[in-house]
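In this note's numbering, the protein residues as written are 271 to 808.
Glycine included, C-beta positions come from ideal geometry on N, C-alpha and C.
Read the structure below first, then the notes.
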C-alpha cells in the first residue's frame, strides 16, 4: 500500500481488513501522529516505511510482525520504539534515523536475524541496549550523530558478525577494553567524537580491523601501543586529534597503507620506526605546525607514494630521504622554516610532484646531478630562491615550473630553453628578474634542439625590470602557446612574431603603461569572438 505524501492523513484506518498486505509506505505523511496497534495483525507485511513523517509520535507498544524484513522510520517525533515480540525473527534491517528515541528496549535481542541497525542522528539517544552483543547476525551498527550517546556497552563474549561500527559525532568518552571481542570488526568510525580521550589498549586484538577513523577527536592525546603484529589495518586517521607523538610500536601495523595526521597541532615527532611500515602508501602530516623534524629512513622504502608535510615546522629533510624510492608526491607547501632541500633529492627516481610553494626561507634549490625524467611538477612559488642552477636541464620530464612571487629571484639559467616537455612556466611577480637568458640553441647529434617546444602557458607578469620581451622570438612553441601574460611590465614595444602563435587565445597586457602600440595580433586573440585580451592601460 502506497500512501506516500498523503500530507493530510492524520490517522490510519483499521488495517485488520487487509491481512495479505506486504508493503506499507507512509513516507511524507507529515500529519500522521500514530501508527495503530492493528498493524500487528499484518502477518505477511515484509516492508514498513515511514520516512519523513514529521509529526509521528506513537508506535504500537509491542509489535510482533512475523514476516517483516525491513522497518525504515526516519525524521519523526517518535520517542520510544516498540517492544519486540518473539516472532519477529525475520527482521534484517531496522532504521530509526533522526527520531527522538532515548533508548532501545532490551527485547531487541530477539531480532536474531538482524543484520543492520541504523540509529543515525537520534539526538536524544543516551545509551544502547546492554545485550546488543546477543545480535549474532548484526553486521552494521550505525549510531553516528547521536550527540548524547556517551557510552558503548561492554561486549562480554566474542561477536564475530559485526563488520562496521560507527559512533561518529557521538559523546563517547572511551571504549571499554572488551571491544576486542568484536573479532569480526572491519571498520570503526569515531570521527568527531569530541570528548573521546582514549582508545582501548586492547584494540590490537581486532584482527580483522581495516579502517580506524578517529579524525576530529580533539581530546584524544595518545594512541595505544601495538605490542604484536597487526596486518589487517589499512587506514588510520587521527586527523585533528590532540596526539603528541606515536609510539615506536606503530611499526607493528605492518599492513598499514594510509596514515592521516593532518592538523595534529600538537604533534612534535614522528617515530623513527616509521620506515618499518612496508605497505604505507600515504603519510599525511600537513598542518602539524609543531612538527620540526622528519625521521631518518635508514633502509629502502618502496611503498610510500605520497608524503605531505605542508604547513609543518620542518627545517630540513635528511639526505636519507632518497631511500623513499617509491615516492611520487612530496608536499612541503608553506613550510615557513624550511631552509634547504636535501642534495640527494635527485635519487627519488619516481618523484612526479615537488611542492615547495610558500617556503619563504628556502633560498636554494639543489643541483640535479643526473637525468631525472620522472618529475613533472616543481613549485617554488613564494620561496626565497635567488637562482636556479644550470643542472635544472637534467629535469628532462618537467612539465610545470612555478616561480611566481619569488621576490629575490634574479637569474634563469640559459639552458631553461632545453626543457623539452615544459608546458607551464610562471615567473609572475619575480620583481628582481632583470633579463631573460640568451637562447643559445642546444646542440645534439641531430643539430639544434627546439626551445620550449611544448610551452602552452607562460607568465612574466609584474617583472617590471624586464626591458623587452624579444626573447619570445627565439621560442619554438608557435603552435602550442595558448596563454601569455605580459601584464604590468615596462615594455615599449612587442615583437612582431606574436602573430606566429597561432593557437594563442589569451594575451594579457594590462598595466603595460609604456607600451606605444599593439602589433598585429594572433588570429585567435579577438575579443569580439570571445577570446580574451586585457588591453594596455592608457
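Sub-9 Å separation of residue i and residue j beta-carbons
i           : j           : result
residue 626 : residue 582 : no
residue 662 : residue 641 : no
residue 528 : residue 502 : no
residue 773 : residue 751 : yes
residue 332 : residue 315 : no
residue 525 : residue 549 : yes
residue 320 : residue 344 : yes
residue 467 : residue 443 : yes
residue 490 : residue 516 : no
residue 419 : residue 384 : no
residue 565 : residue 539 : yes
residue 513 : residue 534 : yes
residue 360 : residue 337 : yes
residue 451 : residue 473 : no
residue 587 : residue 611 : yes
residue 558 : residue 531 : yes
residue 825 : residue 601 : Because the chain is modelled from 271 through 808, residue 825 falls outside the range shown and cannot be assessed.
residue 448 : residue 432 : no
residue 496 : residue 523 : yes
Contacts around residue i, its chain only, beta-carbon distance under 7 Å, and the 5 residues preceding and following it disregarded
i           : result
residue 716 : With a pLDDT of 48 at residue 716, under the threshold of 50, the modelled position of this residue cannot be trusted; read the value that follows with caution. Within the same chain, residue 716 has no close Cβ partners at all.
residue 479 : 455, 456, 458, 502 and 503
residue 570 : 593 and 595
residue 796 : none
residue 574 : 550, 551, 553, 594, 596 and 597
residue 477 : 453 and 502
residue 646 : 622, 623, 667, 668, 669 and 670
residue 372 : 349, 394, 395 and 396
residue 744 : 709 and 721
residue 403 : 425, 426, 427 and 429
Other residues of its chain near residue i: CB distance less than 8 Å, five sequence neighbours each side excluded
i           : result
residue 417 : 393, 439, 440 and 441
residue 242 : Any question about residue 242 goes unanswered here, given that the chain covers just 271 to 808.
residue 739 : 706, 730, 756, 759, 761, 764 and 765
residue 628 : 603, 604, 605, 606, 651, 652 and 653
residue 280 : 301, 302 and 303
residue 810 : One cannot answer for residue 810 here, as it falls past the ends of the chain, which runs 271 to 808.
residue 734 : 701, 758, 759 and 760
residue 382 : 359, 405, 406 and 407
residue 723 : 690, 746, 747 and 750
Cβ-Cβ separation, residue j to residue i (assumed contact under 8 Å), whole Å
i           : j           : result
residue 277 : residue 297 : No, residue 277 and residue 297 are not in contact; Cβ-Cβ is about 11 Å, not under 8 Å.
residue 648 : residue 668 : 6 Å
residue 349 : residue 388 : Not really, about 18 Å apart at Cβ, beyond 8 Å.
residue 283 : residue 312 : About 13 Å; that fails the 8 Å criterion.
residue 623 : residue 599 : 5 Å
residue 615 : residue 591 : 7 Å
residue 272 : residue 295 : 5 Å
residue 694 : residue 671 : 7 Å
residue 547 : residue 521 : 6 Å
residue 747 : residue 768 : Wrong, their Cβ atoms sit about 12 Å apart, outside the cutoff.
residue 352 : residue 374 : Contact doesn't hold; Cβ gap of about 10 Å is too wide.
Sequence-distant residues of the same chain with beta carbon closer than 6 Å to residue i, five excluded per side
i           : result
residue 430 : 453 and 454
residue 613 : 636
residue 486 : 461, 462 and 510
residue 341 : 318 and 364
residue 728 : 695 and 754
residue 809 : What is shown of the chain runs 271 to 808, which leaves residue 809 out entirely.
residue 368 : 344, 345 and 391
residue 275 : 298
Below-9 Å beta-carbon distance, residue i vs any chain C residue
i           : result
residue 388 : The chain inventory of the structure shown lacks chain C, comprising one protein chain alone.
Problem - Completely contained beta strand (DSSP E) runs for the stretch 434-486, where each covers 3 or more residues - result: Fully enclosed beta strand (DSSP E) runs of 3 or longer: 434-436, 457-459 and 481-483.
Practice task
Report the residue ranges of all alpha helix (DSSP H) runs contained in full by the stretch 533-575; include only those spanning at least 4 residues, in chain order.
Solution key: Here no run is fully enclosed.
Handout entry: Sequence ranges, beta strand (DSSP E) only - wholly within the stretch 582-612, length at least 3
Key = Positions of the beta strand (DSSP E) runs, each at least 3 residues long and wholly inside the stretch 582-612, are given as 599-601 in order along the chain.
Handout entry: Completely contained beta strand (DSSP E) runs for the stretch 493-528, where each covers 3 or more residues
Key = Look at the stretch 493-528 and you find these whole runs of beta strand (DSSP E), each 3 residues long or longer: 505-507.
Handout entry: Runs of beta strand (DSSP E) wholly within the stretch 716-801 (minimum 3 residues, chain order)
Key = 727-729, 753-755 and 776-778, all fully within the stretch 716-801.
Exercise for the section: Write down every uninterrupted run of the beta strand (DSSP E) in the stretch 288-347 whose length is 3 residues or greater and which is fully enclosed by it, in chain order. Expected result: Within the stretch 288-347, the runs of beta strand (DSSP E) that reach at least 3 residues and sit entirely inside it are, in chain order, 293-295, 317-321 and 340-344.
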